[in-house]
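Chemist: Below is the structure I would like to discuss, written out as structure tokens.
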Amino acid sequence: MPQPPSPTASNSQRAEQLDFFPSFRGQGWLPGETVFSWASRYHRLSGKVKAGKTAEQLFGRERSWFHTDLPAGIDHFVQATDGQLGSSTSILFDHTILPYYLLFRPKSHAHDAIQGIRCGRLSDVRGWLGMPGNRLGPPSKLKACRICLELDQRNHGCSYWHVSHQLPGVWVCPLHHMPLTHSRCSAPRDGRYRWLLPDINDLEPSGGELFSAMESGKSVLVALARIAVHATETAWEFEFDACRLVATYLTALGEHGFVEATGQPCFEELGAAFFEAMSSLNFVPEMLSISSDRHVAARQVSHLLKVQIHCASFPNLLFIAWLFESWDVFREAYDRIDRNASDICRKVSGSLEKNRERTS
Ligand SMILES: [Zn+2]
Numbered sequence: 000m001p002q003p004p005s006p007t008a009s010n011s012q013r014a015e016q017l018d019f020f021p022s023f024r025g026q027g028w029l030p031g032e033t034v035f036s037w038a039s040r041y042h043r044l045s046g047k048v049k050a051g052k053t054a055e056q057l058f059g060r061e062r063s064w065f066h067t068d069l070p071a072g073i074d075h076f077v078q079a080t081d082g083q084l085g086s087s088t089s090i091l092f093d094h095t096i097l098p099y100y101l102l103f104r105p106k107s108h109a110h111d112a113i114q115g116i117r118c119g120r121l122s123d124v125r126g127w128l129g130m131p132g133n134r135l136g137p138p139s140k141l142k143a144c145r146i147c148l149e150l151d152q153r154n155h156g157c158s159y160w161h162v163s164h165q166l167p168g169v170w171v172c173p174l175h176h177m178p179l180t181h182s183r184c185s186a187p188r189d190g191r192y193r194w195l196l197p198d199i200n201d202l203e204p205s206g207g208e209l210f211s212a213m214e215s216g217k218s219v220l221v222a223l224a225r226i227a228v229h230a231t232e233t234a235w236e237f238e239f240d241a242c243r244l245v246a247t248y249l250t251a252l253g254e255h256g257f258v259e260a261t262g263q264p265c266f267e268e269l270g271a272a273f274f275e276a277m278s279s280l281n282f283v284p285e286m287l288s289i290s291s292d293r294h295v296a297a298r299q300v301s302h303l304l305k306v307q308i309h310c311a312s313f314p315n316l317l318f319i320a321w322l323f324e325s326w327d328v329f330r331e332a333y334d335r336i337d338r339n340a341s342d343i344c345r346k347v348s349g350s351l352e353k354n355r356e357r358t359s
């Protein structure tokens with residue numbers, strides 16, 4: 000992972016660090032913790048009353064308007080913590096959900112995103128990556144696992160927000176397979192967020208109906224959660240290549256009997272099988288369109304087999320969860336595909352055109 004140059008601090012910033020340092024000393028990262036969680040713990044430990052004061056000290060902005068999943072002012076945070084919690088790049092990759100959104104993009108996009116965030120163009124980067132809470136709807140609510148919460152309190156003396164729980168498409172805890180519950184307090188209040196740690200009393204009721212409905216689609220949800228977490232944690236190692244991705248899908252589909260002798264996918268059977276698998280997830284609100292409309296499911300499969308410069312992470316991870324057992328199994332299949340997969344891509348592109356002509 001590339002390392003940014005060491006941050007330099009002005010005298011006033013250095014003075015701020017000195018004021019800040021006694022409270023900061025000894026507060027390292029907890030396993031898989033988000034930046035927002037670390038800052039919330041600091042706010043609580045430092046005894047500061049005003050949320051804005053903590054935001055200004057840590058992120059250089061009094062108004063804590065930033066999102067809980069990807070904060071602005073990351074370079075200021077590195078300076079304020081004297082670089083002891085890592086570089087801006089390592090913090091963005093290990094303690095935010097940014098790598099999830101970079102999975103199916105060329106590496107140059109990761110560099111552009113990091114530069115954009117460090118230069119204060121977070122809003123543009125969020126819009127460009129398709130992250131929620133910008134022009135694309137409300138921000139995501141914080142999620143927590145009740146079992147993790149209890150274990151964290153026992154093992155670390157406090158509960159905290161896990162990066163893995165905040166990833167899109169992760170609706171169950173990848174460790175305990177329990178449904179994640181939203182924090183009722185994580186919605187913005189008057190355009191601001193407050194510093195917040197998970198509290199069992201602040202979590203939305205888990206809902207008995209959801210528990211019972213979940214049984215039918217639990218295996219897909221667990222596979223999706225594990226794949227999303229594993230892929231995000233190893234995002235920097237994954238070299239996205241659009242042709243290879245489509246060729247990997249096509250090869251796996253062939254092994255499942257969804258490819259004709261001519262090399263063209265059997266779109267009708269494929270769409271029907273994907274829809275049937277997704278219909279078990281119709282209790283998840285975010286999955287409603289694809290799990291209740293077979294045409295939407297079929298269109299999504301067709302779209303996934305199209306070679307694109309970059310693609311959205313969620314539909315690809317969902318398809319991978321359906322086609323492969325794990326991220327490792329997918330990676331083995333992906334790595335087996337010859338880098339020069341243009342022949343397979345040409346076949347797929349040709350079959351897609353024919354499929355479009357048939358369905359238009
Ligand atoms: Zn858990």
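Numbering that gives the first Met the number 0 numbers the first residue of the sequence shown as 0 and each following residue consecutively. For every residue, glycine included, the Cβ atom is placed at its ideal position computed from N, Cα and C.
1) Pull up the distance between the alpha-carbon of S290 and that of H175, whole angstroms please.
2) Check whether the Cβ atoms of E32 and W170 sit closer than 9 Å, and answer yes or no.
3) Is H229 near ligand 1, in the sense that its beta carbon is under 8 Å from a heavy atom of that ligand?
4) Under the DSSP definition of a beta bridge, which residues are partnered with V171?
5) Tell me which residue opens and which closes the alpha helix (DSSP H) that N154 is part of.
6) Rounded to whole angstroms, what's the CA-CA distance from P30 to D151? Just pull it up for me.
7) With which residues is H161 paired in a DSSP beta bridge?
8) Find the nearest neighbour of T250 within the set L322, C157, G72 and L69, judged by alpha-carbon distance.
9) Compute the minimum distance between the beta carbon of M177 and the heavy atoms of ligand 1, and state whether it is under 8 Å.
10) Counting only the same chain and skipping the five closest in sequence on each side, list residues whose C-beta sits under 7 Å from that of R104.
11) Tell me the rounded alpha-carbon separation between D123 and E259.
12) In this structure, does DSSP put L196 in helix, strand or coil?
13) Look up L202 in the DSSP assignment and say whether it is helix, strand or coil.
14) Cβ of L202 versus every heavy atom of ligand 1: is any distance shorter than 8 Å?
15) Does any residue of chain D bring its CB to less than 9 Å from the CB of D327?
16) Looking only at DSSP bridge pairs, what is V258 linked to?
17) In whole angstroms, what is the alpha-carbon distance linking R298 and G216?
18) Under DSSP, the alpha helix (DSSP H) around R305 begins and ends at which residues?
19) Between the region 107-123 and the region 56-76, are three or more C-beta pairs nearer than 8 Å?
20) Can you list, in chain order, the residues of its chain whose CB lies under 6 Å from that of F329, leaving out five sequence neighbours each side?
21) May I ask whether a heavy atom of ligand 1 can be found less than 8 Å away from the beta carbon of L84?
22) Say the cut is 8 Å; is the CB of I146 nearer than that to a heavy atom of ligand 1?
23) Per DSSP, K142 is paired with what?
24) State the CB to CB distance for the pair A50 and W194, rounded to an integer number of angstroms; the pair is presumed to be in contact (CB under 8 Å).
25) Helix, strand or coil: which one does DSSP assign to I96?
26) Kindly indicate the opening and closing residues of the alpha helix (DSSP H) around K106.
27) Within the continuous alpha helix (DSSP H) that includes A50, where are the two ends?
28) Straight-line CA distance for P204 to H181?
29) I want to check one thing, is the minimum distance from the CB of C118 to the heavy atoms of ligand 1 below 8 Å?
Modeler: Per the coordinate set shown:
1) The residue labelled residue 290 in the question sits at position 291 within the sequence shown. The residue labelled residue 175 in the question sits at position 176 within the sequence shown. Near 25 Å, if we compare the C-alpha coordinates of H175 and S290.
2) Mapped onto the sequence shown, residue 32 falls at position 33. Mapped onto the sequence shown, residue 170 falls at position 171. Cβ distance not < 9 Å, so E32 and W170 don't count as in contact.
3) As a first step, residue 229 must be located in the sequence shown, where it is residue number 230. No.
4) Taking the first residue of the sequence shown as position 1, residue 171 is located at position 172. Answer is P178, bridged to V171.
5) The residue you call residue 154 lines up with position 155 of the sequence shown. R145 to H155 is the span of the alpha helix (DSSP H), which, as asked, contains N154.
6) Residue 30 sits at position 31 when you count from the first residue of the sequence shown. Residue 151 sits at position 152 when you count from the first residue of the sequence shown. One C-alpha to the other measures close to 10 Å.
7) Position 162 of the sequence shown, counted from the first residue, corresponds to residue 161. Answer is E32.
8) Start at 1 with the first residue of the sequence shown, and residue 250 comes out as number 251. Ranking L322, C157, G72 and L69 by Cα distance to T250 puts L322 first.
9) Locating residue 177 in the sequence shown gives position 178, counting from the first residue. Flag set: Cβ of M177 near ligand 1.
10) To locate residue 104, count along the sequence shown from 1; it is residue 105. Apart from the 5 residues on each side of it in sequence, R104 sits with its Cβ closer than 7 Å to the Cβ of F239 and H309 in its chain, given in chain order.
11) Position 124 of the sequence shown, counted from the first residue, corresponds to residue 123. Position 260 of the sequence shown, counted from the first residue, corresponds to residue 259. Going from the Cα of D123 to the Cα of E259 covers about 43 Å.
12) Here residue 196 corresponds to residue number 197 of the sequence shown, with the count starting at 1. Looking at L196 - three-state DSSP - the assignment turns out to be coil, as it is neither helix nor strand.
13) Along the sequence shown, read from residue 1 onward, the residue named residue 202 stands at position 203. Note: L202 maps to strand in three-state DSSP.
14) Along the sequence shown, read from residue 1 onward, the residue named residue 202 stands at position 203. For ligand 1, not one heavy atom lies less than 8 Å from the Cβ of L202.
15) The question asks about chain D, but that chain is absent: this structure has only one protein chain.
16) By 1-based counting over the sequence shown, the position of residue 258 is 259. Its beta-bridge partners are P264.
17) What you label residue 298 is simply residue 299 of the sequence shown in a count that begins at 1. What you label residue 216 is simply residue 217 of the sequence shown in a count that begins at 1. R298 and G216: Cα-Cα distance of roughly 21 Å.
18) Reading the sequence shown from its first residue, position 306 is the one you call residue 305. A small fix is needed here, since residue 305 is Lys in this sequence, not Arg. From DSSP, K305 is part of no alpha helix (DSSP H); its letter is neither H nor E.
19) yes
20) Your numbering for residue 329 matches position 330 in the sequence shown. Contacts found: I319 and F323.
21) The residue given as residue 84 occupies position 85 in the sequence shown. L84 Cβ: outside cutoff for every heavy atom of ligand 1.
22) For the purposes of this step, residue 146 is taken as residue 147 along the sequence shown, with counting starting at 1. Yes.
23) Residue 142 sits at position 143 when you count from the first residue of the sequence shown. In the DSSP output, where bridge partners are listed per residue, K142 has H181.
24) Counting from 1 along the sequence shown, the entry for residue 50 is found at position 51. Counting from 1 along the sequence shown, the entry for residue 194 is found at position 195. Confirmed, Cβ separation roughly 5 Å.
25) As a working mapping, residue 96 is identified with position 97 in the sequence shown. Coil.
26) Taking the sequence shown and counting its residues from 1, one reaches residue 106 at position 107. It spans K106 to R117 - the alpha helix (DSSP H) in which K106 sits, taken as one unbroken run.
27) Here residue 50 is taken as the residue at index 51 of the sequence shown, counted from 1. That run of the alpha helix (DSSP H) goes A50 to F58.
28) Against the sequence shown, residue 204 aligns to sequence position 205. Against the sequence shown, residue 181 aligns to sequence position 182. C-alpha separation (whole angstroms): 9 Å.
29) Here residue 118 corresponds to residue number 119 of the sequence shown, with the count starting at 1. No - ligand 1 has no heavy atom lying nearer than 8 Å to the Cβ of C118.
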